[in-house]
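Working notes, structure below.
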Amino acid sequence: FPMASRRLRGFKRWMKSQLIDCSDALYVVVTDDVEVKCPLFYVSVKALCDLHEGDVVATIPKDSCLTNKTSSACHLIADAGLDGFLALAVAIMYEISLGPASRWFGYLQIMPHNEPIPLLWSVEEIDSLLAGTELHKVVKEDKLLVYEDWKECIQPLLDSSSLELAPEFFGVDQYLAAKSLISSRSFEIDDYHGSGMVPLADLFNHKTDGEHVHFTLPSAQSGSDSDDPDAENDNNEDEKVEVSELVNPKENSDTTSSSDNETEVSSSPGNQSSVLEMIIVKDVKLGDEVFNTYGSLGNAALLHRYGFTEPDNPYDIVNIDLELVLNWCSSMFTNRHSRTRLSLWRKLNYSGCVSQNLEYFEVSFHGEPELELLILLYIMLLPEEEYNKLDLMEFTADDFHKFISVNTMGSRKLGSGSESELRISLLNAGVREALVNVANIRESFYGSRSLQKDLEVLKKCSSVLERKLYHSLVLRVSERNILGKLRGYALTGTRSLTAAKGASSRKRRRVKHQ
Ligand SMILES: C[S@@+](CC[C@H](N)C(=O)[O-])C[C@H]1O[C@@H](n2cnc3c(N)ncnc32)[C@H](O)[C@@H]1O
Numbered sequence: 001f002p003m004a005s006r007r008l009r010g011f012k013r014w015m016k017s018q019l020i021d022c023s024d025a026l027y028v029v030v031t032d033d034v035e036v037k038c039p040l041f042y043v044s045v046k047a048l049c050d051l052h053e054g055d056v057v058a059t060i061p062k063d064s065c066l067t068n069k070t071s072s073a074c075h076l077i078a079d080a081g082l083d084g085f086l087a088l089a090v091a092i093m094y095e096i097s098l099g100p101a102s103r104w105f106g107y108l109q110i111m112p113h114n115e116p117i118p119l120l121w122s123v124e125e126i127d128s129l130l131a132g133t134e135l136h137k138v139v140k141e142d143k144l145l146v147y148e149d150w151k152e153c154i155q156p157l158l159d160s161s162s163l164e165l166a167p168e169f170f171g172v173d174q175y176l177a178a179k180s181l182i183s184s185r186s187f188e189i190d191d192y193h194g195s196g197m198v199p200l201a202d203l204f205n206h207k208t209d210g211e212h213v214h215f216t217l218p219s220a221q222s223g224s225d226s227d228d229p230d231a232e233n234d235n236n237e238d239e240k241v242e243v244s245e246l247v248n249p250k251e252n253s254d255t256t257s258s259s260d261n262e263t264e265v266s267s268s269p270g271n272q273s274s275v276l277e278m279i280i281v282k283d284v285k286l287g288d289e290v291f292n293t294y295g296s297l298g299n300a301a302l303l304h305r306y307g308f309t310e311p312d313n314p315y316d317i318v319n320i321d322l323e324l325v326l327n328w329c330s331s332m333f334t335n336r337h338s339r340t341r342l343s344l345w346r347k348l349n350y351s352g353c354v355s356q357n358l359e360y361f362e363v364s365f366h367g368e369p370e371l372e373l374l375i376l377l378y379i380m381l382l383p384e385e386e387y388n389k390l391d392l393m394e395f396t397a398d399d400f401h402k403f404i405s406v407n408t409m410g411s412r413k414l415g416s417g418s419e420s421e422l423r424i425s426l427l428n429a430g431v432r433e434a435l436v437n438v439a440n441i442r443e444s445f446y447g448s449r450s451l452q453k454d455l456e457v458l459k460k461c462s463s464v465l466e467r468k469l470y471h472s473l474v475l476r477v478s479e480r481n482i483l484g485k486l487r488g489y490a491l492t493g494t495r496s497l498t499a500a501k502g503a504s505s506r507k508r509r510r511v512k513h514q
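Following mature numbering (1 follows the signal peptide of the UniProt record, and there is no 0), the numbering of the sequence shown begins with 1 at its first residue and continues without gaps.
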């Protein structure tokens with residue numbers, strides 16, 4: 001692949017010029033897929049020898065990163081009062097517009113023009129490929145918001161005669177392309193630089209729960225940074241000095257545990273280390289790919305931000321909106337009944353997860369719904385007499401749990417009062433049936449094509465040549481499998497045993513706007 005190799009050689013020379021130190025033990029592989037009409041570079045990083053935990057495989061000066069502060073557009077950005085991702089998008093578009101005159105030319109040469117995340121799909125593609133999935137609504141809204149941002153903040157720059165920006169580099173499409181690169185490749189560097197593009201670090205692909213490399217501040221600084229005695233010998237994701245997220249954890253804390261992962265360094269550039277390091281956290285064998293982690297993300301979040309999915313992703317979830325549950329209630333009961341039962345649920349201090357003005361309940365990878373949903377259905381279905389009793393009492397949630405145990409198990413005491421016992425008590429015949437109905441309504445959002453048919457289409461689909469179709473199908477299938485497990489949970493009262501690490505701890509992961 002002559003073109004790809006030429007660009008890669010140029011990138012290596014550029015890294016040297018920027019004092020980026022890439023270990024000889026790493027081998028950057030560029031694949032140029034000849035079957036795809038437009039040139040598609042797919043980069044991965046492999047090990048040229050056995051790598052061991054603790055090995056530093058790259059050192060990257062912060063000054064070589066493309067950020068709002070380092071870009072030659074920094075004055076333009078400051079004068080326009082832009083910050084955050086919008087400013088970074090302007091910095092990227094500006095450096096691209098400079099061509100070979102850009103300090104990042106050698107780096108931009110191996111960067112794709114864009115990452116085909118759903119934000120860049122046409123409205124028709126979004127409607128046909130994402131209908132029913134967790135991403136459908138959010139991506140459509142993203143598209144509108146991005147267009148509004150462009151009109152409000154970027155178009156005025158083009159209209160300004162003093163800036164003389166070349167319009168062909170700053171249009172909506174170029175802005176969308178820059179947004180997709182930021183979404184899929186940027187890192188939070190530190191408080192001074194904010195998020196930025198980090199050469200070399202952004203060539204590592206992601207593997208859920210299987211990463212070999214972490215992106216960090218050098219260890220001397222990490223020692224002084226943290227007063228947590230456990231931090232030094234523990235390379236888990238919560239370690240304060242990690243910079244391993246490929247996204248800004250502050251702005252994307254909805255979809256991931258990465259909000260635990262913020263880099264805490266002071267805000268003046270003077271106090272900070274001037275380099276970033278990539279350190280091996282798990283041994284790699286000669287010839288194997290070296291993976292990073294982009295966080296503990298389900299497929300909706302992976303597709304939204306990075307444009308790919310993973311089959312059998314243990315961090316997958318499905319959300320069931322409160323509105324859907326209330327619609328089901330309206331089909332069963334009078335409006336008054338639903339309303340009063342819902343207020344009792346609220347009076348007991350229950351609520352769903354809330355994000356972007358939506359209230360919803362998560363269903364885990366194992367098909368286990370949130371307790372709050374079971375309690376809501378239980379209260380909806382309580383016989384009138386029981387409901388009246390309950391309504392008259394000044395209850396706390398604890399009293400309510402006792403009420404359920406007495407109600408369901410006679411005078412027997414609720415054993416240890418554990419959540420699993422409470423769940424079993426709540427799962428009476430009515431609640432089980434309601435759960436199945438709610439799962440069926442949620443499933444109907446995917447349209448008339450059966451899961452079986454989805455699986456058949458997926459089997460024949462190429463993840464390279466039909467990338468959008470492939471990843472949207474993996475997302476559909478993973479979500480529908482969870483709904484199937486939810487129905488199983490309703491029938492048996494036990495969560496699916498196709499256990500996978502990590503999925504048991506509940507986190508708020510509704511996908512938020514880009
Ligand atoms: C930070 S870049 C990694 C380098 C990238 N492969 C390249 O060619 O430049 C992130 C992008 O790599 C791809 N990627 C990373 N991990 C992947 C995976 N496990 N499966 C499929 N694509 C992946 C996605 O296109 C993602 O948006």
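Ideal Cβ placement from N, Cα and C applies to all residues, glycine included.
Which residue's Cα is closest to the Cα of residue i: the options?
{"i": "K179", "options": "S17, G84, S425", "result": "G84"}
{"i": "R432", "options": "L376, M197, A300, R103", "result": "L376"}
{"i": "M380", "options": "L322, K46, N114, L130", "result": "L322"}
{"i": "V123", "options": "T309, F105, P218, K143", "result": "K143"}
{"i": "residue 532", "options": "S72, L165, I189, R339", "result": "Here the chain covers residues 1 to 514 and nothing more, so residue 532 does not appear."}
{"i": "S273", "options": "I154, E479, K62, K207", "result": "K62"}
{"i": "V30", "options": "S64, L286, V43", "result": "V43"}
{"i": "E384", "options": "E421, R423, T340, L19", "result": "T340"}
{"i": "residue 517", "options": "S128, L119, I154, L145", "result": "Residue coverage of the chain in this structure runs from 1 to 514, which leaves residue 517 outside it and unanswerable."}
{"i": "S17", "options": "A89, F105, V28", "result": "F105"}
{"i": "I20", "options": "D50, D55, S5, C65", "result": "C65"}
Below 7 Å, is the gap between the Cβ of residue i and the nearest heavy atom of ligand 1?
{"i": "Y489", "result": "no"}
{"i": "P199", "result": "no"}
{"i": "F308", "result": "yes"}
{"i": "S184", "result": "yes"}
{"i": "N357", "result": "no"}
{"i": "K282", "result": "no"}
{"i": "residue 515", "result": "Coverage of the chain is limited to positions 1 through 514, which leaves residue 515 absent and any answer about it impossible."}
{"i": "P112", "result": "yes"}
{"i": "L203", "result": "yes"}
{"i": "H212", "result": "no"}
{"i": "H75", "result": "no"}
{"i": "E466", "result": "no"}
{"i": "E115", "result": "yes"}
{"i": "K207", "result": "yes"}
Give the DSSP bridge partners of residue i, in chain order.
{"i": "N27", "result": "Checking the displayed sequence, the identity of residue 27 turns out to be Tyr instead of Asn. K46."}
{"i": "L153", "result": "First, the amino acid is wrong: residue 153 is Cys here, not Leu. Per DSSP, none; premise fails for C153."}
{"i": "T67", "result": "G196"}
{"i": "D21", "result": "T59"}
{"i": "H206", "result": "N292"}
{"i": "E134", "result": "Note: E134 sits in no beta bridge, so no partner."}
{"i": "M111", "result": "DSSP, once it has assigned bridges, lists no residue as partnering M111."}
{"i": "F400", "result": "BP columns for F400 are empty, so no partner."}
{"i": "C461", "result": "Bridge partners of C461: none, in fact."}
{"i": "D190", "result": "G194"}
{"i": "R321", "result": "Here the sequence assigns Asp to residue 321, which means Arg is not the residue at that position. According to DSSP, which records beta bridges pairwise, D321 is partnered with Y360."}
{"i": "S355", "result": "L358"}
{"i": "V284", "result": "L51"}
{"i": "P383", "result": "Note: P383 sits in no beta bridge, so no partner."}
{"i": "P100", "result": "Note: P100 sits in no beta bridge, so no partner."}
{"i": "P369", "result": "V363"}
Starting from the C-beta of residue i, find all residues in its chain whose C-beta is less than 7 Å away, skip the five residues before and the five after it, and write them out in chain order.
{"i": "R305", "result": "I117, S183, S184, V247"}
{"i": "F169", "result": "M93, I96, S97"}
{"i": "A503", "result": "Caution is warranted here: a pLDDT of 43 is assigned to A503, below 50, making its placement in the model unreliable, and no coordinate value can be reported."}
{"i": "W345", "result": "I375, L376, I379"}
{"i": "residue 517", "result": "Absent from the structure is residue 517, since the part of the chain shown begins at 1 and ends at 514."}
{"i": "R13", "result": "G106"}
If you drop the 5 nearest sequence neighbours on each side, which residues of the same chain put their C-beta closer than 8 Å to that of residue i?
{"i": "V511", "result": "E134, L135, V138, D254, T255, A300, A301, H304"}
{"i": "C353", "result": "N319, E359, Y360, F361, E362, E370, R508, R510"}
{"i": "S351", "result": "E359, E372"}
{"i": "L326", "result": "S338, L342"}
{"i": "L455", "result": "V477"}
{"i": "D399", "result": "M393"}
Can you find the residues in the same chain that come closer than 6 Å, C-beta to C-beta, to residue i, ignoring five residues on each side of it along the sequence?
{"i": "Q109", "result": "R7, G10"}
{"i": "L427", "result": "G493"}
{"i": "A87", "result": "N68, I77"}
{"i": "I404", "result": "S425"}
{"i": "K58", "result": "It should be pointed out that residue 58 corresponds to Ala in this sequence rather than to Lys. Excluding positions up to five away in sequence, the list reads C22, L200, M278."}
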